[in-house]
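In our numbering, the protein residues as written are 2 to 254.
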């Protein structure tokens, strides 16, 4: 089995105009899309084809729900780059838990034909409460390699938070998805870091023990993530942080 479970912490830090910080523990699944149709057949409470306490819902992700997610990802990358991913594709994401899903960002890691190096990373972002989804494609061959990380610089294109305008440059850093996984996402304006989010995770195998432990330790993980984000939004509103309405340029993957 190539699929795995990652457990760790996420930290959000806002530097300007109001300084805030919060962090919380979480787990995410790292799913080999080739294994996905039959991944949870041996595990109670988990499924990919029907409702369960924890289940994967195809319609939550990019592309036509009638085709496999693997095909949708490969086709989308081809339309953007002219090259189709040749190796395995892994998705790091939250599932639906107890019928509810809240997934601010999922990451696709597309490997090369040798399946030893990540060729392309896709960040699939959902901007609750507007219900929109947008994907950024990150070509690892064009990244800056530094200290084992892929570093990317690009312009913000998608509205996420009403407390953050569109006039930002992004600096995103990704490690290879090995035993320890790191993602760092920073918002830069006029050379100054305004906000950053850091994800630090440790890899664990998928088995009955790890899946049961995850459900017991994080029984309402999607509600927890949503509550943490909405609580921070309330604090920003209460402290009169500048508010930016949605620019109305609806976008999707």
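Backbone N, C-alpha and C fix where the C-beta goes; we use that ideal spot for every residue, glycine too.
Item: Given this structure, state the Cα-to-Cα distance separating residue 16 from residue 67, to the nearest angstrom.; Value: 43 Å
Item: Which runs of the beta strand (DSSP E) fall wholly inside the segment 126-174 and span at least 3 residues, in chain order?; Value: 134-140, 145-147, 150-156
Item: Would a C-beta distance cut-off of 8 Å place residue 33 and residue 85 closer than the cut-off?; Value: no
Item: Report the three-state DSSP secondary structure of residue 183 (helix, strand or coil).; Value: strand
Item: If you count every other CB in all the chains shown that lies within 10 Å of the CB of residue 125, and 16 or more means buried, which is it?; Value: buried
Item: Residue 12 bridges to which residues according to DSSP?; Value: 24, 199
Item: Provide the residue(s) that pair with residue 262 in DSSP beta bridges, ordered along the chain.; Value: Residue 262 falls outside the range modelled here, since the chain spans only 2 to 254, and no answer is possible.
Item: In terms of residues, what are the limits of the beta strand (DSSP E) holding residue 79?; Value: It is not in any beta strand (DSSP E) - residue 79 instead sits in the alpha helix (DSSP H) that spans 70-82.
Item: Could you give the C-beta distance for residue 109 and residue 74, rounded to a whole number, given that I count them as a contact under 8 Å?; Value: 6 Å
Item: Hey, could you find the ends of the beta strand (DSSP E) residue 90 is sitting in?; Value: 90-94
Item: Let me know the secondary structure DSSP gives residue 227 once reduced to three states.; Value: helix
Item: In or out: residue 217 buried (at least 16 other Cβ within 10 Å) or exposed?; Value: exposed
Item: In three-state DSSP terms, what is residue 178?; Value: coil
Item: Can you tell me whether DSSP reads residue 236 as helix, strand or coil?; Value: helix
Item: Would you mind reading off the limits of the alpha helix (DSSP H) that contains residue 213?; Value: 209-218
Item: Does the separation of the CB atoms of residue 187 and residue 175 fall below 8 Å?; Value: no
Item: Which term fits residue 93, buried or exposed, when burial requires 16 or more other beta carbons within 10 angstroms of its beta carbon?; Value: buried
Item: Just how far apart, CA to CA, sit residue 180 and residue 6?; Value: 11 Å
Item: Which residue's Cα is closest to the Cα of residue 235: 9, 21, 12?; Value: 21
Item: Do you know offhand how far residue 30's Cα is from residue 11's?; Value: 15 Å
Item: Just verifying my parser: in three-state terms, what is the DSSP assignment at residue 1?; Value: The question about residue 1 has no answer, for the chain in this structure spans 2 to 254.
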